[in-house]
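Structure first, commentary second.
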């Protein structure tokens, strides 16, 4: 459908899959890092929980409300940081941020997998904040922990 | 009212956005500007830009005449009894904050009540929240009916002899509810309270007669009625404004200045500290001329008709939900099943259709509606039924598009 060619770069199949079947949605039991973050201009909100053991993120879960981009990004982010060290997760957040700003980034260092599907968001400046919400929450949580 | 002719006078409307003719349905956020307003501001800067109320030179006099001439246009537009009752501000927000900071601070104390509604825009909510905290007064809400309107009985029950200020929106920016201002002012005055009306969604769209409404304060913005951003109006009854202290101090607003004390200019200038918003006021004056040429009653009738048309037409969209009462001003706030309003707005934008998505600066109302966000299409003088047809088509496509990816 020609009408959709531009939109298709935003709403890639893999993004819609994460939106429809979000990974790691829910709440963690026990002691966790707990971050609430919202996007005051549009009302999206995320509540992120991370379990960090021996400097490693062993569990990551989220609940929240938002559009397809913000929820799929949260789903992908939680998948991506599980099993990573705190430093690796923060570095990935930096890489994601560069990707969202349309800057060069190290494609080789981490297997970004599904996350690269979000590159299309850069063509929709109004939606970049949706994609970065979960990553900002993760950064905030880990930085406050340190 | 010839909408085709009117559209010709709005240069911005004649462009393509994302390969489609622009369909602008976000006038409740800000309206587009007719060429006459743009030209008037341009002319001010090209021919007679100068500071007002000072100096004796020719340009200064021209600028002062135009600035004060705009004030007279506003006075007549809202049927105030005197130009002293018309204060230029930066917008509705500044106007409301002026009343809260000045009238509120000196007339509120513990045991007093401020009465507002859950449908207020943040700009008519947070200034009163803050004033309640500072003075110890209680913030009370008139509850909403199921359809998002106010009942006279609830208004009567909420306003008491302890109520000092009632602050209420003329028209809800989310649901399009038109509030019974005359009843509110009558009931408030019976209890000795003053009434501030947030007219941001009122004055641009319908005839406003502040004397008939009998409100004590009325606040509105120029940019939502064809004027430029950065200019708004605070109307206040003269006997109230006279007793109020300014909230901004400096040049322009003083009478005599001594080392340790000063006195203020008379109304309305004591509330206009600093170099005023001259180009803004001049532009607003031109916008008022434009609106009055068309006729406020015609504008209101046109928008009501568009809203009725939209309510019927949009039923064609599968899973469409609309919020607010049946009798509404010219805006439609809605959701469609299974598609988040941000995604709706993005898909519509790809079709050249501009709508608003989010919480519309009314978070408590979103909670009351039990939604995180909504989409809103708002109409003005230049919108047509074709725009609504395009919106309907766009929403059907949105639904299909998200249906496809969910399939």
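Residue numbers (the working numbering), protein chains in the order written: chain X, 6 to 151; chain A, 1071 to 1477.
We treat Cβ as the ideally placed atom computed from N, Cα and C, and that holds for glycine.
Original post:
In chain order, which alpha helix (DSSP H) runs of at least 4 residues are fully inside the region 1151-1211 of chain A?
Top reply: Listed in chain order, the complete alpha helix (DSSP H) runs (minimum 4 residues) inside the region 1151-1211 of chain A are 1162-1169 and 1196-1205.
**OP:** Measuring only between beta-carbons, confirm whether residue 1422/A sits less than 7 Å from chain X.
**Re:** Start at 1 with the first residue of the second chain, and residue 1422/A comes out as number 352. Not one chain X Cβ lies under 7 Å of residue 1422/A.
Original post:
Between residue 32/X and the rest of its own chain, which residues show a CB-CB distance below 7 Å, the 5 nearest in sequence each way excluded?
Top reply: Within the first chain, numbered from 1, the residue matching residue 32/X stands at position 27. So the qualifying residues of the chain are 54, 66 and 68.
Subject >> residue 1230/A, DSSP secondary structure in three states >> reply: Your numbering for residue 1230/A matches position 160 in the second chain. DSSP places residue 1230/A in coil when its eight states are reduced to three.
Original post:
How far does the beta strand (DSSP E) with residue 40/X in it reach, from first residue to last?
Top reply: Position 35 of the first chain, counted from the first residue, corresponds to residue 40/X. First-last of the beta strand (DSSP E) with residue 40/X: 38-44.
Subject >> Residues near residue 64/X by beta carbon distance below 8 Å, same chain, minus five either side >> reply: Indexing the first chain from 1 puts residue 64/X at position 59. Spatial neighbours of residue 64/X in its own chain (CB-CB distance under 8 Å, excluding positions within 5 residues in sequence) are listed in chain order as 33, 37, 54, 55, 56 and 87.
Subject >> Inter-residue spacing [alpha-carbon to alpha-carbon] between residue 1324/A and residue 46/X >> reply: As a working note, residue 1324/A is residue 254 in the second chain. As a working note, residue 46/X is residue 41 in the first chain. Residue 1324/A and residue 46/X: Cα-Cα distance of roughly 39 Å.
**OP:** With DSSP collapsed to three states, give me the class of residue 146/X.
**Re:** As a working note, residue 146/X is residue 141 in the first chain. In the three-state scheme derived from DSSP, where H, G and I count as helix and E and B as strand, residue 146/X is classed as helix.
Original post:
So residue 1240/A packs on residue 1284/A, CB below 8 Å; how close in whole Å?
Top reply: Your numbering for residue 1240/A matches position 170 in the second chain. Your numbering for residue 1284/A matches position 214 in the second chain. With 8 Å as the limit, residue 1240/A and residue 1284/A do not qualify as a contact, their Cβ atoms being about 13 Å apart.
Subject >> Contact set between residue 1436/A and chain X, taken where Cβ atoms lie within less than 9 Å >> reply: Translated into the one-based positions of the second chain, residue 1436/A becomes position 366. For the C-beta of residue 1436/A, the chain X residues within less than 9 Å are, from N- to C-terminus, 48.
**OP:** Sort out for me which residues DSSP pairs residue 1426/A with in a bridge.
**Re:** Taking the first residue of the second chain as 1, we reach residue 1426/A at position 356. Residue 1426/A pairs with 1446/A.
**OP:** Go ahead and label residue 1419/A buried or exposed: buried means 16 or more other beta carbons lie within 10 angstroms of its beta carbon, across all protein chains shown.
**Re:** Locating residue 1419/A in the second chain gives position 349, where the first residue counts as 1. Buried.
**OP:** Take residue 1137/A and list the residues in its own chain whose beta-carbon comes closer than 6 Å to its own, dropping the five residues that flank it on each side.
**Re:** To locate residue 1137/A, count along the second chain from 1; it is residue 67. In the same chain as residue 1137/A, and ignoring 5 residues on each side of it, the C-beta atoms closer than 6 Å to its own belong to 1122, 1348 and 1351, in chain order.
Subject >> DSSP-derived helix/strand/coil call for residue 1464/A >> reply: Sequence index remark: in the second chain, residue 1464/A carries index 394 (1-based). Helix at residue 1464/A.
**OP:** Show which residues of chain A have a CB atom less than 8 Å away from the CB atom of residue 132/X.
**Re:** To locate residue 132/X, count along the first chain from 1; it is residue 127. The answer, in chain order, is 1412 and 1416.
Original post:
What residue does the beta strand (DSSP E) around residue 51/X start on, and which one ends it?
Top reply: Within the first chain, residue 51/X is the residue found at index 46, counting from 1. From DSSP, the beta strand (DSSP E) with residue 51/X extends over 49-58.
**OP:** State buried or exposed for residue 1443/A, treating a residue as buried only when at least 16 other CB atoms are found within 10 Å of its CB.
**Re:** For the purposes of this step, residue 1443/A is taken as residue 373 along the second chain, with counting starting at 1. Buried, because 16 or more other Cβ atoms sit within 10 Å of the Cβ of residue 1443/A.
**OP:** Report yes if the C-beta distance between residue 1270/A and residue 1164/A is below 7 Å; otherwise report no.
**Re:** Here residue 1270/A is taken as the residue at index 200 of the second chain, counted from 1. Here residue 1164/A is taken as the residue at index 94 of the second chain, counted from 1. No, Cβ-Cβ distance for residue 1270/A and residue 1164/A is not below 7 Å.
Original post:
Can you round the beta-carbon distance between residue 1412/A and residue 72/X to whole angstroms, since I take them to be within the 8 Å contact cut?
Top reply: Along the second chain, one-based indexing puts residue 1412/A at 342. Along the first chain, one-based indexing puts residue 72/X at 67. With a contact defined as Cβ atoms closer than 8 Å, residue 1412/A and residue 72/X qualify at about 4 Å.
Original post:
Between the region 101-124 of chain X and chain A, which residues of the former have CB atoms less than 8 Å from a CB of the latter, in chain order?
Top reply: So nothing in the stretch comes that close.
**OP:** Flag residue 26/X as yes if its beta-carbon sits less than 7 Å from any beta-carbon of chain A, otherwise no.
**Re:** By 1-based counting over the first chain, the position of residue 26/X is 21. No - not a single Cβ of chain A is within 7 Å of the one on residue 26/X.
Subject >> Within chain A, the residues that residue 129/X reaches when beta carbons sit closer than 8 Å >> reply: Position 124 of the first chain holds residue 129/X. Chain A residues near residue 129/X: 1416.
Original post:
Residues of chain A with a CB under 7 Å from the CB of residue 73/X: which are they?
Top reply: For the purposes of this step, residue 73/X is taken as the residue at position 68 of the first chain. Listed by position along chain A, the residues whose Cβ is nearer than 7 Å to that of residue 73/X are 1410 and 1413.
Subject >> Close-in-space but distant-in-sequence residues of the same chain around residue 1389/A (CB under 6 Å, 5 per side omitted) >> reply: As a first step, residue 1389/A is located in the second chain; it is residue number 319 there, counting from the start. So the list reads 1406 and 1407, once near-sequence residues are dropped.
**OP:** Give the DSSP-derived three-state secondary structure of residue 1408/A in the structure shown.
**Re:** Stepping through the second chain from its first residue, residue 1408/A is reached at position 338. For residue 1408/A, the three-state secondary structure derived from DSSP is coil.
**OP:** Determine whether the Cβ of residue 11/X lies closer than 7 Å to any Cβ atom of chain A.
**Re:** Along the first chain, one-based indexing puts residue 11/X at 6. It does: the Cβ of residue 11/X has a partner Cβ on chain A nearer than 7 Å.
Original post:
Where does residue 1403/A sit, in a helix, a strand or coil, going by DSSP?
Top reply: Here residue 1403/A refers to the residue found at position 333 of the second chain. In the three-state reduction of the DSSP assignment, residue 1403/A falls in the strand class.
**OP:** Assign residue 65/X to one of three DSSP states: helix, strand, or coil.
**Re:** On the first chain, position 60 is the one that residue 65/X refers to. Judged by DSSP in its simplified three-state form, residue 65/X adopts strand.
Original post:
According to the Cβ coordinates, are residue 1236/A and residue 1185/A closer than 7 Å?
Top reply: Residue numbering aside, residue 1236/A sits at position 166 when the second chain is read from its first letter. Residue numbering aside, residue 1185/A sits at position 115 when the second chain is read from its first letter. Yes, they are a contact pair.
**OP:** Spell out a yes or no on whether the region 135-149 of chain X and the region 77-95 of chain X are touching, meaning 3 or more CB-CB pairs, one atom from each, closer than 8 Å.
**Re:** Yes, the region 135-149 of chain X touches the region 77-95 of chain X.
Original post:
What residues from chain A crowd round residue 15/X, counting only those whose CB sits closer than 8 Å?
Top reply: Here the question's residue 15/X lines up with position 10 in the first chain. For residue 15/X, the C-beta contacts it makes with chain A under 8 Å involve 1416, in order along the chain.
Subject >> Cutoff 7 Å: residue 84/X Cβ touching any chain A Cβ >> reply: Sequence index remark: in the first chain, residue 84/X carries index 79 (1-based). It does not: the Cβ of residue 84/X has no partner Cβ on chain A nearer than 7 Å.
Subject >> alpha helix (DSSP H) runs wholly inside the region 1100-1131 of chain A, at least 4 long, in chain order >> reply: Here the runs fully enclosed are 1105-1113.
Subject >> Spatially closest choice to residue 1041/A from 1252/A, 1230/A and 1248/A, by CA coordinates >> reply: A query on residue 1041/A cannot be resolved here, the shown segment of chain A reaching from 1071 to 1477 and no further.
**OP:** Quick one: using the 10 Å Cβ neighbour count with 16 as the cut-off for buried, is residue 1337/A buried or exposed?
**Re:** Here residue 1337/A corresponds to residue number 267 of the second chain, with the count starting at 1. Counting the other CB atoms within 10 Å of its CB gives residue 1337/A a total of 16 or more, which places it among the buried residues.
Subject >> Cross-chain neighbours of residue 1443/A in chain X, by beta carbon under 9 Å >> reply: What you label residue 1443/A is simply residue 373 of the second chain in a count that begins at 1. By Cβ distance, chain X contributes 47, 48, 49, 70, 71 and 72.
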